[in-house]
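Colleague:
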Amino acid sequence: MYRFLLSRQWVILTLVALALIPTMIELGFWQLHRHEHRVALNKVIADSLAAKPVPAESMTSPGAEVEDEDLYRRVTAKGHFDRANEVVVRRRTNADDRVGYHVLTPFVLYDGKVLIVNRGWIPSNGASQTTFPKIPAPPKGEITVTGRLMPDQTTADSGIKNVEGLPDRQVMLINSEQQAERLGKQVLGGYVELTDPEPTGDTPELISEPDHDSIGNHMAYAVQWWLFAAGVPIGWFVLARREARDRAAQDEQEETAEAEEPATV
-8 MYRFLLSRQW VILTLVALAL IPTMIELGFW QLHRHEHRVA LNKVIADSLA
42 AKPVPAESMT SPGAEVEDED LYRRVTAKGH FDRANEVVVR RRTNADDRVG
92 YHVLTPFVLY DGKVLIVNRG WIPSNGASQT TFPKIPAPPK GEITVTGRLM
142 PDQTTADSGI KNVEGLPDRQ VMLINSEQQA ERLGKQVLGG YVELTDPEPT
192 GDTPELISEP DHDSIGNHMA YAVQWWLFAA GVPIGWFVLA RREARDRAAQ
242 DEQEETAEAE EPATV
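Quick note: the sequence shown uses the working numbering, first residue -8, plus one each step.
Written out as structure tokens, the structure reads:
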């Protein structure tokens, strides 16, 4: 009755089904791990934002990497802005998804080391992207800045291609190693998203605080993949039963037709 399962068509179908089951199970665990990572990241962000600010040099140093547990940690630094070496980061959006630039201003500390500060977002001033945009000046003199500590951006992590040959004082990534090479100074690893002092005008727009409440749909996707995996053998069994039933019905019709066929004289 089920000898048709040895046919080429059904052997291929069975092999495909056997391959799909572990693949879908693995995809479900992948989504589960993404869910767990998001939950853990939300906790890190919430804890970092709730903690009291600490000196930036206690959390990072020249050439250092910002650890995951220090992401968005509030830090402070005393020094002055070096506006002459300010650069902008291309193709960045604000909270309203408008395209413009992020403003990176070196902040020189008392010991000569540099902290890269992202002062916020500014709109494009015109159609040309080769001209350096107009940027409101930062506060002058010795001040204290507060901001959220962030890791260096790389192409691998951000997906943003580090384009070469850009106009002067324009970059694609916020990366302390690149800035150290450009400035010829010791630059603390990572950078800071400025939160204080706030700009006197409308720009630069400070970077919004990260969302740490949403957990996304990863758990739902995980359950969905596992249901798909469970549905494959069920679907295979239903198709096999239907095929067997149809073949049995066809055989019965052929036998009935042969029995009703008149004998030849």
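Glycine included, C-beta positions come from ideal geometry on N, C-alpha and C.
So, is Ile107 buried or exposed, given that buried needs 16 or more other C-beta atoms within 10 angstroms?
Modeller: Label assigned to Ile107: buried.
Colleague: Helix, strand or coil: which one does DSSP assign to Met210?
Modeller: Note: Met210 maps to helix in three-state DSSP.
Colleague: How long is the line joining the alpha carbons of Asn166 and Leu(-4), rounded to whole angstroms?
Modeller: Rounded to the nearest angstrom, the two C-alpha atoms are 59 Å apart.
Colleague: Let's test the definition: count the other Cβ atoms within 10 Å of the Cβ of Gly138 and tell me whether it reaches 16, buried, or not, exposed.
Modeller: Buried is the call here.
Colleague: Could you give the residue range of the alpha helix (DSSP H) that holds Ala8?
Modeller: Per DSSP, Ala8 belongs to the alpha helix (DSSP H) from -1 to 41.
Colleague: Measure the alpha-carbon distance for Glu155 versus Phe228 and round it to whole angstroms.
Modeller: Cα-Cα distance, rounded: 57 Å.
Colleague: For Phe123, does the three-state DSSP call read helix, strand or coil?
Modeller: In this structure, Phe123 counts as coil in the three-state DSSP scheme.
Colleague: What's the call for Pro97, buried or exposed, on a 16-neighbour Cβ count within 10 Å?
Modeller: Buried, since its Cβ has 16 or more Cβ neighbours within 10 Å.
Colleague: Just grab the DSSP bridge partners of Asn109 for me.
Modeller: DSSP lists Leu95, Glu184 as partners of Asn109.
Colleague: Would Lys271 and Thr135 be called neighbours here (beta carbons separated by less than 7 Å)?
Modeller: Examination of residue 271 is not possible in this model, given that the chain is present from -8 through 256 alone.
Colleague: Counting only the same chain and skipping the five closest in sequence on each side, list residues whose C-beta sits under 7 Å from that of Pro44.
Modeller: Taken in chain order, the residues that qualify are Arg65, Val66, Thr67, Thr137.
Colleague: Just the Cα atoms here: how many angstroms apart are Leu23 and His203?
Modeller: Each residue's alpha carbon lies about 18 Å from the other.
Colleague: With DSSP collapsed to three states, give me the class of Leu100.
Modeller: DSSP places Leu100 in strand when its eight states are reduced to three.
Colleague: Closer than 6 Å by C-beta to His209: which residues in its own chain qualify, once you throw out the five before and the five after it? Chain order, please.
Modeller: Contacts found: Gln22, Arg25, His26.
Colleague: Could you tell me whether any non-hydrogen atom of the ligand ATP is closer than 6 Å to the CB of Pro44?
Modeller: This structure simply doesn't include the ligand ATP, nor any ligand for that matter.
Colleague: Arg82 and Pro93 - do their beta-carbons sit closer together than 7 Å?
Modeller: The sequence given here places His at residue 93; Pro does not occur at that position. Not a contact, by the Cβ cut-off of 7 Å.
Colleague: Just to confirm before moving on: does the CB-CB distance between Pro53 and Gln169 stay below 7 Å?
Modeller: No, Cβ-Cβ distance for Pro53 and Gln169 is not below 7 Å.
Colleague: In the DSSP output, what is Val80 paired with across the bridge?
Modeller: Val80 pairs with His93, Val162.
Colleague: With distances taken Cα to Cα, identify the nearest neighbour of Val105 among Gly111, Thr122, Gly19, Leu95.
Modeller: Looking at the Cα atoms, Leu95 is the closest of the given residues.
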